[in-house]
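In this note's numbering, the protein residues as written are 1304 to 1601.
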Ligand SMILES: [Zn+2]
């Protein structure tokens, strides 16, 4: 099977992870802009971070056979530094239209503060004006209220629900999101929060429409293989293979493919890796023999 992990922070992951992801069938990923565990103090660090999402990280994933897309946005945590946040928002137009950017994200609420709301609204207005998909991060505390408010504010800003993905859902929030007509994404964390078992039951109960599975793997305890692992568990527990394919591949492609940035035909064929390629004179290798796949005729 092939998989799409539409939420993973691969900048924090190693080349071992990328190799294992490709072996496990992950064909494509989305890396949304987020915070890095420690607040940034200067505008320039955001410029370089966004540049790496559309540049080096995209190249690095491709060197391991994975198509890399990203979402550009100011995360909710750093929206609370309002002086800097204002400057960062002004950067969004510079990066949002670059190749491989499939959404504005991940944006939304963390502690549900007024400053977070202002940054969220600003970015929703931007997305509406440019007809873009939005990826919303939901708070880990007070999640139900956070998601209800995320949906309500998105509606007020006139973001089309078909172009809104609410992430980090659980059993308590899924109905609100599906009823609103948005996409409901679930992050599968190892050992805690949403695990694969709970995801199996959600798909059984609600069916596969508009449900999306992702890993949100980052610099913390997380698992870059949680999408393929969850798919395997779904199949073992009797979920229809077509439904598994929808929630681990096609739904996310349909949601983010609305950006026009995803080459569906290219994703259908096996990846062709050429590790002799360079990005700004840099390669991913350290003297190893490059992997160079023969091009497969269609
Ligand atoms: Zn994230």
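Glycine included, each C-beta is placed from N, C-alpha and C at the ideal position. All values derive from a computational prediction rather than experimental measurement.
Nearest-angstrom Cα separation, counted from residue j out to residue i
i            : j            : result
residue 1304 : residue 1328 : 6 Å
residue 1522 : residue 1348 : 18 Å
residue 1429 : residue 1597 : 43 Å
residue 1337 : residue 1453 : 17 Å
residue 1415 : residue 1350 : 26 Å
residue 1588 : residue 1574 : 19 Å
residue 1388 : residue 1409 : 14 Å
residue 1508 : residue 1529 : 20 Å
residue 1486 : residue 1590 : 44 Å
residue 1471 : residue 1497 : 8 Å
residue 1319 : residue 1531 : 16 Å
residue 1481 : residue 1459 : 18 Å
Whether residue i touches residue j by CB criterion (7 Å)
i            : j            : result
residue 1479 : residue 1450 : yes
residue 1550 : residue 1516 : yes
residue 1466 : residue 1439 : no
residue 1534 : residue 1526 : no
residue 1464 : residue 1499 : no
residue 1570 : residue 1330 : yes
residue 1386 : residue 1407 : no
residue 1555 : residue 1306 : no
residue 1447 : residue 1475 : yes
Contacting residues, own chain, Cβ-Cβ under 8 Å from residue i (five flanking each side not counted)
i            : result
residue 1456 : 1420, 1423, 1424 and 1427
residue 1462 : 1427, 1430, 1431 and 1437
residue 1582 : 1358, 1359, 1362 and 1363
residue 1342 : 1380, 1381 and 1384
residue 1623 : For residue 1623 there is no data in the structure shown, the boundaries of the chain being 1304 and 1601.
Cutoff 6 Å; reference residue i; Cβ partners in own chain excluding five residues on either side
i            : result
residue 1340 : 1522
residue 1483 : 1454 and 1464
residue 1594 : 1576 and 1578
residue 1398 : 1353 and 1375
residue 1488 : 1468, 1470, 1515 and 1517
residue 1580 : none
Residues of its chain near residue i, where Cβ-Cβ distance is below 7 Å and the 5 sequence neighbours each way are ignored
i            : result
residue 1413 : 1379, 1380, 1419 and 1442
residue 1445 : 1415
residue 1322 : 1367
Next on the checklist: In chain order, what are the residue ranges of uninterrupted alpha helix (DSSP H) at least 4 long that sit wholly in the region 1424 to 1503?
Outcome noted: 1446 to 1459 and 1477 to 1483
Next on the checklist: With three or more beta-carbon pairs closer than 8 Å as the criterion, would you say the region 1382 to 1392 touches the region 1363 to 1373?
Outcome noted: no
Checklist entry - If we count Cβ pairs, one from each stretch, closer than 8 Å, do we get three or more for the region 1548 to 1564 versus the region 1350 to 1361? => result no
Item to check | Inside the region 1359 to 1404 only - beta strand (DSSP E) runs reaching at least 3 residues | outcome: List check, beta strand (DSSP E) in window: 1370 to 1375.
Item to check | Within the region 1323 to 1365, ranges of the beta strand (DSSP E) (whole runs, at least 3 residues) | outcome: 1329 to 1335
Checklist entry - What are the uninterrupted segments assigned as alpha helix (DSSP H) that are 4 or more residues long and contained completely in the region 1495 to 1571, given in chain order? => result 1499 to 1509, 1529 to 1539, 1544 to 1548, 1554 to 1560 and 1567 to 1571
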